[in-house]
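Notes to accompany the following structure.
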Amino acid sequence: MFAEYSASELTAIFAMQGFAGLILFSVLVLMALGLAIIFGQMGVINMAHGEFMILGAYITYLTSNVFAEYLPSLFVGYFFVAMILAFGVTFLLGMAVEWGLIRFLYKRPLDTLLATWGLSLILQQLYRTIFGAREVGVSLPDWMMGSYALTDIIEVPINGIFVMILTLVIALGVYWLMYKSGWGRQVRAVVQNRPMASAVGINTEKVDRVTFGLGCGIAGIAGSAFTMIGSTGPTSGQLYIVDTFLVVVFGGAQSLLGTIASAFSISQAQSTMEFFLSGSMAKVLTLLFVVGILMLRPQGLFAMKIRH
Amino acid sequence: MKTNDFVLAVEGLTVSFDGFKAVNDLSLYVDEGEIRVIIGPNGAGKTTVLDLICGRTKSTSGSIKFRDKELTKMSEHQIVHAGVGRKFQNPSIYEDLTVFENLELSYPKGRSVFGALFFRRDQAVINQVKAIAESIFLADLLDKPAGLLSHGQKQWLEIGMLLIQEPDLLMLDEPVAGMSVAERKKTAELLKRITKGRSVVVIEHDMQFAEEIADRVTVLHQGQVLSEGSMERVQNDPKVIEVYLGH
Amino acid sequence: MMHSLKQIFPRHDLIAFAILAAILAIVFPLTMDIFRLNLVGKYLTYAFVALGLVLCWGYGGILSLGQGIFFGLGGYCMAMFLKLEASSPENTAIQSTPGIPDFMDWNQLTELPWFWEPFHSLPFTLFAVIAVPTVFAFFIGVAMFKRRVGGVYFAIITQAIAAILTILIIGQQGFTGGVNGITDLRTFLGWDIRTDSAKYLLYFVNLVLLFICLVIAQCVRKNKLGRILVAMRVREERVRFSGYDVSNFKIFVFCLGALFSALGGAMFTLQVGFMSPTFVGIVPSIEMVILCAVGGRLSILGAIYGALLVNFAKTSFSETFPELWLFAMGALFISVVLFFPNGLASLYQEYVLPWIKARFKPRVKTKPEAKVESKAKPQPELSEATDDSANLPAGARYEN
């Protein structure tokens with residue numbers, strides 16, 4: 006299948022597909038980070054995670070419209086405002102959902118899964134009612150358009166680079182928060198021994214609520230970033246939810262590094278195969294590969310061995 | 168040393184969890200018909216040893232021979248079929264089922280899927296369940312959901328569930344924990360009765376109780392055997408005194 | 096034999112079965128026109144899936160979010176047979192390659208793919224309807240349960256498989272009919288399945304099959320196997336240490352659930368006249384779980400009532416307020432989990448039954464779906480946590 010391409014063309018193809026894979030990787034990482042916190046640390050399956058992401062995307066869309074309408078001079082920087090708003094709103098909604106729904110179901114993970122699925126249906130219909138069934142896109146400020154030429158045949162889009170940098174910053178931020186900050190220590194204490202954490206004075210309920218909110222907030226930022234590279238519809242979130250769960254499970258639910266590594270391998274595999282096969286077959290093969298590996302190694306790529 | 172003189176021969180058993188060796192190069196031999204009590208401070212690896220023998224945890228290295236069958240390669244149910252029964256520390260019974268059904272489920276018949284599908288509750292089963300219920304002091308409570316039993320009764324029920332399997336090696340993890348004095352006495356009686364003709368490994372914290380039932384005692388410390396022998400010998404072993412009273 | 100029959104069908108269960116049979120076989124056919132009755136028949140094909148889920152999820156504690164896979168496989172096997180019959184060379188004379196299904200012709204296929212060939216034969220088709228989904232479930236089950244994957248991991252992986260299958264079906268248009276599915280099915284061995292009389296007959300065939308499945312489910316539930324499933328859901332470890340190979344029981348009940356779903360899928364194709372990927376993927380699969388949850392995850396008859404009720408509601412909502420349906424469905428998911436974890440069956444047990452008892456004291460003794468496990472503990476599903484926690488990342492248990 007490679008015969009019809011010359012060596013330099015092949016390199017370019019792999020480089021560009023690799024870059025497309027990197028963008029997919031960034032989105033997957035952003036979505037999966039929030040999920041990894043909620044699932045990995047709390048053991049909660051949030052099927053509405055995709056809808057939280059889409060909420061972030063819609064907020065970005067609204068913000069861009071507001072800036073275009075009322076503050077055209079500041080339009081260059083609207084994205085940063087949008088991102089903060091997206092985080093704030095999804096964070097608060099996440100805390101509200103934890104308070105109103107999740108906290109009653111901590112010991113029933115399968116029921117949480119069903120309840121959050123119900124929540125996702127409600128949110129989808131809400132988006133459809135408010136924003137319409139059609140997909141919406143944001144207009145990018147000028148500096149994010151166009152592409153940067155690495156060589157004469159390899160070009161990379163600037164919005165893609167921006168999303169990647171954003172991902173890197175957020176991943177580092179999450180890592181710092183979970184492993185270096187006092188708050189992260191509290192979260193991990195609650196995960197490992199809830200009664201003990203409570204006994205030493207950690208407000209476990211508050212930790213749960215904030216953890217869940219944080220996971221949702223990161224999904225909101227992911228949604229914001231998502232608008233840079235694609236358009237948003239009421240059901241866009243659902244398209245990604247299975248992939249994202251696979252990313253998290255494949256990486257080994259408790260390991261942030263595992264999440265990133267698995268997002269990388271899944272996205273690279275898919276985008277590289279996509280060039281040679283049809284998109285759907287590439288996706289089928291990628292998912293089959295992941296499911297196959299999970300059957301051989303159910304604990305994921307990076308998992309700890311735990312004493313009973 | 169020939170291993171086939173023993174019911175249970177554990178040799179060089181090691182298990183590590185992320186580098187931490189919970190059980191470290193442990194060897195242990197249990198004679199036919201012996202009651203062996205394992206004692207040791209918290210975290211000594213007592214429960215882990217039972218977990219390893221009954222297949223709940225897989226060993227990193229070493230061998231466990233039960234009547235010359237290597238248990239380390241077998242799965243839990245195969246180990247049970249081989250004749251090893253295990254009682255957990257916290258009573259592990261089926262709260263949603265009645266006492267009768269709890270015992271019936273443990274009856275060694277119809278253990279395959281289709282065996283269970285075509286299982287008939289015949290007279291032999293009923294008689295056996297009743298006999299066991301009698302011996303564990305629960306004969307009058309056969310139709311009661313097991314969730315409603317007292318803590319001590321649950322412990323007895325679990326012992327009964329082991330007995331109906333007719334194992335050759337019984338492993339009991341703190342069988343009298345959380346029991347009242349009266350219940351403890353009855354349990355000691357029960358254990359003495361049921362251990363006839365069986366080999367038993369018991370984990371116990373209660374020294375008095377251990378002394379009452381043990382043929383021999385093994386003291387574990389940091390995943391290794393610290394001392395072994397009669398209760399008296401162990402109690403006078405300076406190493407044991409150091410671990411228990413030192414620091 | 097009489098003895099065990101009575102054990103499996105106590106009097107109150109017999110009455111409950113008879114009531115359901117009377118509603119479905121007498122009341123509905125007499126009061127509904129064929130359009131509505133056909134609709135009920137369609138709903139009842141989902142009831143097969145819900146019934147399987149009662150055994151898998153309610154009893155076995157295994158939540159599969161991929162039952163659409165088996166519904167779809169059963170349905171597609173049947174659809175392939177019907178499509179081949181509808182694509183005789185005479186019927187397809189205008190195609191560039193006559194004698195192959197129309198969608199293949201549109202996709203420039205010039206001959207029938209090899210895996211379609213055997214579906215010319217009805218016996219093979221019937222065999223495939225049963226065997227293909229069951230064998231597939233068996234492989235998934237062996238791969239997962241032998242490695243002790245359960246709980247939410249199992250749910251996610253079955254969901255992923257449902258997604259994979261949907262993408263595959265949609266992507267391989269030429270072989271599967273793509274997103275439209277296999278449509279325009281006409282005759283079954285020359286007998287036109289689109290006529291009213293055929294629809295009546297198929298409704299009753301469907302009903303008979305459903306009751307066969309119900310009886311099988313009742314046998315499983317009332318047998319030692321059912322008690323092992325209940326025991327396993329609560330204390331998987333103990334069951335293992337009572338000498339059972341837990342994975343085999345899970346594989347069995349998962350295969351049985353797949354088999355039921357496949358029968359439902361095949362009957363769907365026959366009654367509705369097409370099969371498409373919209374019944375295979377993530378969304379339909381999880382909707383089938385809600386049918387089971389609404390009826391009561393531990394009640395086999397509840398599954399049937401749940402399937403009927405939710406789908407009636409869906410149809411009437413979609414006719415009048417289509418935009419409200421997703422809100423209602425979402426609210427249903429949330430409320431059934433939060434407030435009625437045992438669904439209609441528990442409402443019946445708490446409110447209707449005492450009322451009946453008060454009226455007809457000597458005649459009805461207990462509720463048809465009365466179960467020991469729900470009496471012993473007000474919320475048996477709490478115990479799900481026991482087996483799920485074994486697979487959850489959170490909480491490294493450390494005891495010695």
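Line by line, the protein sequences are chains A, B and C.
For the first sequence, the residue numbers in our numbering are 6 to 313.
For the second sequence, the residue numbers in our numbering are 168 to 414.
For the third sequence, the residue numbers in our numbering are 96 to 495.
Note that the Cβ used here is the ideal one computed from N, Cα and C, for glycine as well.
Exercise. Going by Cα to Cα distance, which pick from Phe428/C, Ile114/C, Phe231/C, Arg131/C is closest to glycine 167/C?
Worked result: Checked all of Phe428/C, Ile114/C, Phe231/C, Arg131/C; the closest Cα to glycine 167/C is Phe231/C.
**Request:** Assign methionine 382/C to one of two classes, buried (16 or more other C-beta atoms within 10 Å of its C-beta) or exposed (fewer than that).
**Result:** Per the sequence shown, the amino acid found at residue 382/C is glutamate instead of methionine. Of the residues assessed, glutamate 382/C falls on the buried side of the cut-off, its CB having 16 or more other CB atoms within 10 angstroms.
As a quick exercise: from Pro417/C, Ala258/C, Glu212/C, pick the residue whose alpha carbon is nearest that of leucine 179/C.
Checking every option, the nearest Cα to that of leucine 179/C belongs to Glu212/C.
In the structure shown, what three-state DSSP assignment does isoleucine 260/B receive?
In this structure, isoleucine 260/B counts as coil in the three-state DSSP scheme.
In chain A, what lies closer than 8 Å to leucine 433/C by C-beta?
Going along chain A in sequence order, the residues near leucine 433/C (Cβ under 8 Å) are Leu106, Phe109, Leu110, Ala120.
Please tell me whether proline 228/C and phenylalanine 165/C are closer than 8 Å, where the distance is taken between their beta carbons.
Proline 228/C places its beta carbon less than 8 Å from that of phenylalanine 165/C.
Check: Within the chosen definition, does the stretch 179 to 195 of chain B reach the stretch 385 to 395 of chain B through at least 3 CB pairs nearer than 8 Å?
Finding: Inter-segment contact for the stretch 179 to 195 of chain B and the stretch 385 to 395 of chain B is present: three or more beta-carbon pairs are separated by less than 8 Å.
**Prompt:** How about lysine 213/B and isoleucine 205/B: are their beta carbons less than 8 Å apart?
**Reply:** Yes, the Cβ-Cβ distance between lysine 213/B and isoleucine 205/B is below 8 Å.
Margin query: Taking CB distances under 8 Å as the criterion, tell me whether arginine 243/C reaches chain B.
Written below: No, arginine 243/C does not count as interfacial toward chain B.
- Item | 8 Å Cβ cutoff, tyrosine 261/B in contact with chain D | Looking for chain D here will not work: the only protein chains present are A, B and C.
Notebook entry, point to check: Curious, which full-length alpha helix (DSSP H) runs of at least 4 residues does the stretch 218 to 247 of chain A contain?
Noted result: Secondary structure within the stretch 218 to 247 of chain A: not one fully enclosed alpha helix (DSSP H) run of 4 or more consecutive residues is present.
Spell out a yes or no on whether the stretch 108 to 124 of chain C and the stretch 293 to 303 of chain C are touching, meaning 3 or more CB-CB pairs, one atom from each, closer than 8 Å. Judged by Cβ distances under 8 Å, the stretch 108 to 124 of chain C makes contact with the stretch 293 to 303 of chain C, as three or more pairs qualify.
- [ ] Using a Cβ cut-off of 9 Å, pull out every chain C residue sitting near lysine 185/A, in sequence order please.
- [x] Ordered by position in chain C, no residue passes the 9 Å Cβ test against lysine 185/A, which lies about 21 Å from the chain.
Quiz item: Grouping DSSP H, G and I as helix and E and B as strand, with all else coil, what is valine 467/C?
Solution: Because valine 467/C carries a pLDDT of 39, less than 50, the predicted location of this residue cannot be relied on, and no value is offered for it.
I want to verify the contact list: residues of chain C whose CB lies under 8 Å from the CB of glutamine 332/B, in sequence order. Chain-order list of chain C residues neighbouring glutamine 332/B: Ser337, Gly338, by C-beta distance under 8 Å.
Below 7 Å between beta carbons is the criterion; list the residues of the stretch 262 to 292 of chain C that meet it against any residue of chain B, in chain order. Those residues of the stretch 262 to 292 of chain C that come within reach of chain B (Cβ to Cβ, closer than 7 Å) do not exist; the list is empty.
| said: With a threshold of 8 Å between beta-carbons, can threonine 134/A be considered close to chain C, or not? | reply: Interface residue, yes.
**Prompt:** Since alanine 145/C is in the alpha helix (DSSP H), which residue starts that stretch and which ends it?
**Reply:** Per DSSP, alanine 145/C belongs to the alpha helix (DSSP H) from 129 to 148.
The stretch 169 to 176 of chain A touching the stretch 220 to 233 of chain A, judged by at least three CB pairs closer than 8 Å: Contact between the stretch 169 to 176 of chain A and the stretch 220 to 233 of chain A is established, with three or more Cβ pairs separated by less than 8 Å.
**Asked** Under the rule that 16 or more other beta-carbon atoms within 10 Å means buried, what is lysine 254/B, buried or exposed?
**Response** Buried, since its Cβ has 16 or more Cβ neighbours within 10 Å.
Where does phenylalanine 233/B fall in DSSP's three states?
-> When secondary structure is reduced to three states using DSSP, phenylalanine 233/B falls in the strand class.
From Leu404/C, Phe176/C, Arg335/C, Leu442/C, pick the residue whose C-alpha is nearest to that of phenylalanine 210/C; which is it?
Measuring C-alpha to C-alpha distances from phenylalanine 210/C to each of Leu404/C, Phe176/C, Arg335/C, Leu442/C identifies Phe176/C as the nearest.
*asked:* Tell me whether the stretch 256 to 270 of chain A and the stretch 78 to 95 of chain A touch, counting them as touching only if at least three CB pairs, one residue from each stretch, are closer than 8 Å.
replied: No, the stretch 256 to 270 of chain A does not touch the stretch 78 to 95 of chain A.
Practice task
Sort Asp116/A, Leu128/A, Val71/A by Cα distance to leucine 98/A and report the nearest one.
Solution key: The option with the nearest alpha carbon to leucine 98/A is Leu128/A.
Quiz prompt | Exposed unless 16 or more other CB atoms sit within 10 angstroms - verdict on asparagine 209/B | solution = It is exposed - the Cβ of asparagine 209/B has fewer than 16 other Cβ atoms within 10 Å.
Where does proline 473/C sit, in a helix, a strand or coil, going by DSSP?
Low local confidence applies: a pLDDT of 39 at proline 473/C is under 50, so the model's placement there is unreliable, with the coordinate-based value given in what follows. It is coil, neither helix nor strand.
Contacts of alanine 426/C in chain A (Cβ-Cβ under 8 Å)
Simply Gly123, Ile127.
**Prompt:** Distance, Cα to Cα, leucine 15/A vs isoleucine 259/C?
**Reply:** For leucine 15/A and isoleucine 259/C, the gap between their C-alpha atoms comes out near 29 Å.
request  = Please decide whether glutamate 341/B counts as near chain C, where near means a Cβ-Cβ distance under 8 Å.
outcome  = Chain C, which has no Cβ nearer than 8 Å to the Cβ of glutamate 341/B, makes this no.
For this session: May I ask you to verify whether the stretch 131 to 146 of chain C touches the stretch 243 to 251 of chain C, counting CB pairs closer than 8 Å and requiring at least 3?
Result: Counting Cβ pairs under 8 Å, fewer than three are found: no touch.
Can you find the residues in the same chain that come closer than 6 Å, C-beta to C-beta, to arginine 281/C, ignoring five residues on each side of it along the sequence?
Closer than 6 Å at the Cβ level, and outside the excluded window around arginine 281/C, lie Ala181.
Ignoring anything shorter than 4 residues or poking outside the stretch 36 to 82 of chain A, list the alpha helix (DSSP H) runs there in chain order.
-> Whole alpha helix (DSSP H) segments, 4+ residues: 54 to 75.
**Prompt:** Just checking, does the stretch 193 to 203 of chain A make contact with the stretch 62 to 82 of chain A on the three C-beta pairs under 8 Å criterion?
**Reply:** Using a Cβ-Cβ distance cut-off of 8 Å, the stretch 193 to 203 of chain A and the stretch 62 to 82 of chain A are not in contact, since fewer than three pairs of beta carbons, one from each stretch, lie closer than that value.
- Query: Should isoleucine 307/C be flagged as near chain B, meaning a C-beta pair shorter than 8 Å?
  - Reply: It does not; no Cβ of chain B falls within 8 Å.
Checklist entry - glutamine 203/C: buried (16+ other C-beta within 10 angstroms of its C-beta) or exposed? => result Its Cβ having fewer than 16 others within 10 Å, glutamine 203/C is exposed.
In angstroms, rounded to a whole number, what distance separates the CA positions of leucine 357/B and valine 341/C?
A straight-line Cα-Cα distance of about 30 Å links leucine 357/B and valine 341/C.
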